[in-house]
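Read in the working numbering, the sequence shown has 28 at position 43, and its numbers run on one by one without any break. The beta carbon of each residue, even a glycine, is placed where N, CA and C say it ideally should be. None of the values given here were measured: they were computed from a predicted structure. Structure, as structure tokens:
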Amino acid sequence: MADPRAVPALPCRWGGTGSTRDGGRRDRCGRWRHEGSQCGIGERRWAGERRGHTGPGSLSAGRGGHPLRPTAGTPPGNRPARRGGRAGVCEGGVPGRSAGAPGSAGGPACATGIGGGGAPLLYRRGRGRGGWGFGQVSLVTVPAVLLRSYPYSESSLVLRFLTPEHGVVSALAKGVRRRSSRGETPMETFQRGSLTFLYREERDLHGFRDFQSPISSRPLAGDLLRFSGASFLAELVLTHTMQEANSRLFTHLVGLLDRIETEARAELPGVILSGAWTLLLDFGFPPALAECLDCGEELPGEGMGRFDVEGGGIRCGVCARGGEGPRIGPEAQVDLRRLVSGTPSGPLRGAAAHLSLVERYALYHLAGRRPFHATTLLRTSLVQLGTEDGGEGGGEMGPMEEEGASLPGIPDA
Ligand SMILES: [Zn+2]
-14 MADPRAVPAL
-4 PCRWGGTGST
6 RDGGRRDRCG
16 RWRHEGSQCG
26 IGERRWAGER
36 RGHTGPGSLS
46 AGRGGHPLRP
56 TAGTPPGNRP
66 ARRGGRAGVC
76 EGGVPGRSAG
86 APGSAGGPAC
96 ATGIGGGGAP
106 LLYRRGRGRG
116 GWGFGQVSLV
126 TVPAVLLRSY
136 PYSESSLVLR
146 FLTPEHGVVS
156 ALAKGVRRRS
166 SRGETPMETF
176 QRGSLTFLYR
186 EERDLHGFRD
196 FQSPISSRPL
206 AGDLLRFSGA
216 SFLAELVLTH
226 TMQEANSRLF
236 THLVGLLDRI
246 ETEARAELPG
256 VILSGAWTLL
266 LDFGFPPALA
276 ECLDCGEELP
286 GEGMGRFDVE
296 GGGIRCGVCA
306 RGGEGPRIGP
316 EAQVDLRRLV
326 SGTPSGPLRG
336 AAAHLSLVER
346 YALYHLAGRR
356 PFHATTLLRT
366 SLVQLGTEDG
376 GEGGGEMGPM
386 EEEGASLPGI
396 PDA
């Protein structure tokens, strides 16, 4: 057998100098791996067998060991960010704030330094796409708004943030429930701030590191109508948005939350429902409100039309006869247009009926599997506000009537 080292070199997947032969490939330590096997069993062997190896191809140029468990001899420049690790030279060699978990001594990497050079950080992604192997990890700091948190275990939470660069980010925050029970300030839903997390390639759940927020979201959390309104908008975003960059959506949502927090109570129904419609516009589902879906007659015309959720528009009074869908009068059509254009004016009549309409529209077009959790509470708050205002905002007496709800799985208002 020919000496494998005599075969012309090709870069191996670890970025080292390797060579190929018979479809195989040499890793950084000079071991053979088969081309198709990615980093399989051989990779695990590699992690164990290369102890003591200090060749030029080693991941950690020190005394070796598993790439995820750096040994004492590993220089800081090649050390992965570790929770609670010693603060030191940043991963990318950039002097800056180390981004450790709150209360810990901080990890060795600062947010700006990561990805700035050196070997990529890796995590063991197990038997995923392409077999056993490692995925890249990077420590990222981005603006974020906390949309929801779920308990994960007795001590941990799964936090779901919206970020401009990474869309919706789900991050596992270990031990935060224990820390908040010890009196540390817990994170509040809808807080806006700066999120630091360990981004794991090909994963849906990332590692939470830190969330710094200069603004409290207490005014929002302390009012049922404001909180349920913000929750509804958050649910719309969580139903539709994936891990893709969308800075416009982020700015839009943060602006809406600011308005919901500060707007006078009488204006809130319009702001919340208009927020929901404009988010749907952002997602690419604008309703057609200018002309009748069937005859093309300009709207609002005479008489009671009907909103067609599937068709995404309104039928005029003539075409709507005998049809199905929520009935909607000329005044409500004008209000709906204002909501969709993002310019609600004054107290909204029939707010609860408007909520049912936008909820059905969103469920159908976002392919939601179940009614939104927040709408029950929001509807109650809207009806309550309407009663306070003398029946104007409740919806039951408004110009828009609910009739002929035919969509499966969606309760009638
Ligand atoms: Zn018509």
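Determine the direct distance from the alpha carbon of residue j to that of residue i, and round the result to whole angstroms.
i           : j           : result
residue 259 : residue 324 : 4 Å
residue 327 : residue 362 : 23 Å
residue 333 : residue 360 : 17 Å
residue 253 : residue 131 : 21 Å
residue 344 : residue 356 : 8 Å
residue 174 : residue 121 : 29 Å
residue 257 : residue 340 : 9 Å
residue 148 : residue 268 : 16 Å
residue 186 : residue 238 : 26 Å
residue 222 : residue 365 : 22 Å
residue 10  : residue 127 : Summary for residue 10: the model assigns pLDDT 46, below 50, so the residue's position carries little reliability; its value from the coordinates is reported in the next sentence. Each residue's alpha carbon lies about 38 Å from the other.
residue 312 : residue 338 : 10 Å
residue 150 : residue 241 : 19 Å
residue 243 : residue 201 : 11 Å
residue 144 : residue 336 : 31 Å
residue 331 : residue 367 : 15 Å
residue 213 : residue 176 : 15 Å
residue 303 : residue 296 : 17 Å
residue 306 : residue 255 : 29 Å
residue 409 : residue 208 : The chain is shown only over -14 to 398; residue 409 falls outside these bounds and no answer can be derived.
residue 171 : residue 203 : 12 Å
residue 35  : residue 188 : At residue 35 the pLDDT is 40, less than 50, meaning the model places this residue with poor confidence and gives no usable figure here.
residue 140 : residue 358 : 25 Å
residue 249 : residue 317 : 22 Å
residue 164 : residue 152 : 27 Å
residue 283 : residue 354 : 34 Å
residue 133 : residue 154 : 11 Å
residue 346 : residue 279 : 19 Å
residue 299 : residue 135 : 39 Å
residue 138 : residue 158 : 10 Å
residue 198 : residue 247 : 18 Å
residue 160 : residue 329 : 43 Å
residue 308 : residue 251 : 34 Å
residue 399 : residue 236 : Residue 399 lies beyond the range of the chain shown here (-14 to 398); nothing can be said about it.
Compare the beta carbon distance of residue i and residue j with 9 Å and say whether it is the shorter of the two.
i           : j           : result
residue 400 : residue 125 : Nothing can be reported for residue 400, as the shown portion of the chain is limited to -14 through 398.
residue 271 : residue 319 : no
residue 156 : residue 180 : yes
residue 321 : residue 342 : yes
residue 146 : residue 217 : no
residue 314 : residue 301 : no
residue 404 : residue 178 : Because the chain in this structure spans residues -14 to 398, residue 404 falls outside the shown range and cannot be described.
residue 167 : residue 142 : no
residue 293 : residue 281 : no
residue 245 : residue 211 : yes
Is any non-hydrogen atom of ligand 1 found closer than 8 Å to the C-beta of residue i, if you look at the structure I gave you?
i           : result
residue 348 : no
residue 279 : yes
residue 312 : no
residue 222 : no
residue 364 : no
residue 300 : yes
residue 309 : no
residue 282 : yes
residue 153 : no
residue 325 : no
residue 303 : yes
Looking at the secondary structure, which residues open and close the alpha helix (DSSP H) in which residue i lies?
i           : result
residue 221 : 209 to 225
residue 192 : Looking at the DSSP string, residue 192 is not in any alpha helix (DSSP H); the run it does join, the beta strand (DSSP E), is 190 to 197.
residue 263 : 253 to 268
residue 182 : It is not in any alpha helix (DSSP H) - residue 182 instead sits in the beta strand (DSSP E) that spans 177 to 185.
residue 408 : Any property of residue 408 remains undetermined from this structure, which presents the chain solely from -14 to 398.
residue 316 : 315 to 325
residue 276 : Careful: residue 276 lies outside any alpha helix (DSSP H) and carries neither H nor E.
residue 228 : Counting along the chain, residue 228 falls outside any alpha helix (DSSP H), and DSSP gives it neither H nor E.
residue 373 : 359 to 373
Does the beta-carbon of residue i, which I'm using as the reference point, lie nearer than 8 Å to any heavy atom of ligand 2?
i           : result
residue 122 : Ligands in the displayed structure: ligand 1; ligand 2 is not one of them.
Which residues mark the beginning and the end of the beta strand (DSSP E) in which residue i is found?
i           : result
residue 157 : 152 to 158
residue 143 : 142 to 148
residue 290 : 290 to 293
residue 298 : 298 to 300
> Should the region 263 to 274 be regarded as contacting the region 177 to 193, the criterion being three or more beta carbon pairs within less than 8 Å?
Replying inline: no
>> Tell me whether the region 229 to 238 and the region 273 to 283 touch, counting them as touching only if at least three CB pairs, one residue from each stretch, are closer than 8 Å.
In response: no
>> Three Cβ pairs or more, each shorter than 8 Å: is that satisfied between the region 221 to 228 and the region 363 to 371?
In response: no
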